[in-house]
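> Count along the sequence shown from 1, add 1, and you get the number used in the working numbering. Even for Gly, the Cβ is constructed at its ideal location relative to N, Cα and C.
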Amino acid sequence: MIIQDEEFGKVTIRRSARATQIRIRIAPDGTLRASIPLYAPVFLLKRFLKSSRSELHSLLEQTQPSVTYTDGMRVGKSHSLNIKSIVTGSFKVTRHGQHITIALPPSKTMNDTDVIRAVRDSIISALRLEAKSYLPKRLSYVANKLGLSYTKVRFSHASGRWGSCSSTGTISLNIALMKLPFELIDYVIIHELSHTKHLNHSQEFWKLVETADPEYKVHRRALKTENPSI
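1. In its own chain, which residues sit with a C-beta less than 6 Å from the C-beta of Arg34, not counting the 5 before and 5 after it?
2. For the alpha helix (DSSP H) containing Leu46, list its first residue and its last residue.
3. With a 10 Å radius around its C-beta and 16 neighbouring C-beta atoms as the bar for buried, classify His220 as buried or exposed.
4. Is the stretch 161 to 178 close to the stretch 191 to 205, with three or more CB pairs under 8 Å?
5. How many whole angstroms separate the CB atoms of Gly77 and Leu128, which I take to be in contact at a CB cut-off of 8 Å?
6. Hey, could you find the ends of the beta strand (DSSP E) Gln99 is sitting in?
7. Would you call the stretch 178 to 188 and the stretch 213 to 231 touching, i.e. three or more CB-CB distances under 8 Å?
8. Thinking Ser123 and Val143 are a contact (beta carbons under 8 Å), I'd like their distance in whole angstroms, please.
9. Per DSSP, Ile4 forms a beta bridge with which residues?
10. Alpha carbon to alpha carbon, how far is Thr110 from Ala104?
11. Considering Lys85, what are the terminal residues of the alpha helix (DSSP H) in which it resides?
12. Looking only at C-alpha atoms, which of Asp113, Ser59 and Arg155 sits nearest to Ala132?
13. Between Asp113 and chain C, is the shortest Cβ-Cβ distance under 8 Å, so that the two count as touching?
14. For Arg118 and Thr69, what's the separation of their Cα atoms in angstroms?
15. Below 8 Å between beta carbons: does that hold for Asp72 and Ile87?
16. On the criterion of 16 or more Cβ atoms from any shown chain inside 10 Å, does Met2 qualify as buried, or is it exposed?
17. From which residue to which residue does the alpha helix (DSSP H) around Thr171 run?
18. Between the alpha carbons of Tyr151 and Thr89, how many angstroms are there, rounded?
19. Thinking C-beta only, is Ile190 closer than 8 Å to Arg139?
20. Note down, in chain order, each residue of its chain lying with its Cβ closer than 7 Å to the Cβ of Phe92, except the 5 sequence neighbours on either side.
21. In terms of residue numbering, what span does the alpha helix (DSSP H) encompassing Leu200 cover?
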């Protein structure tokens, strides 16, 4: 059984006679998998998800793959990293305009846990800024063009998914979308908007996607080579 969470997207439910409580783990594709007692009502899982969002975000972040940060590395559409070796002073990460500058003293390396965490936090802030500037406008434009509607849009980053659409019409978009080419961003937007009419992956759903994006199969394959992690 699968349910859709507004923030975490697809949650796969497995009922087990051995389960005495709700347990959640991260599937290889980055989605959540829940094991619940055999006769437990689904609303208990939904309540658990609602009350454990902070813990689940931490769990998702712990499963993120390692990333190597390099000088001049592009971040999103308009930001870049600048690694600056310093002789004196302490390590710090600052963001001015479109530049994320890492001041790195001799006592620190880019492989240090605290350095990676600070750089990642700054990258998340930059991508969130870009996402909030671009994605709502693009989502609204595409929705109007296709004659589709949604309730609201929200942003996430601790997810193995590029986007999701709830049964109430809330579209969640991963800020990591700003790492993708614009045509793949549009594919994800079209995909999630199509879920406002078909909350499944039926033949009718894919026909609607194809109407808006005739090259959706190419874009779908390309998207599988990308990683939504930050």
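Answer, in terms of the structure:
1. Thr13, Arg26 and Ala28
2. Val43 to Ser52
3. buried
4. yes
5. 5 Å
6. Here Gln99 belongs to no beta strand (DSSP E), and DSSP marks it neither H nor E.
7. yes
8. Their Cβ separation, rounded to whole angstroms, is 30 Å, which puts Ser123 and Val143 out of contact at 8 Å.
9. Val12
10. 10 Å
11. Run containing Lys85: none in the alpha helix (DSSP H); it sits in the beta strand (DSSP E), His80 to Ser86.
12. Arg155
13. Of the chains in the structure shown, none is chain C; there is only one protein chain.
14. 12 Å
15. no
16. exposed
17. It is not in any alpha helix (DSSP H) - Thr171 instead sits in the beta strand (DSSP E) that spans Thr171 to Asn175.
18. 53 Å
19. yes
20. Ala104, Leu105, Pro106, Lys109 and Val116
21. No alpha helix (DSSP H) contains Leu200, which DSSP labels as neither H nor E.
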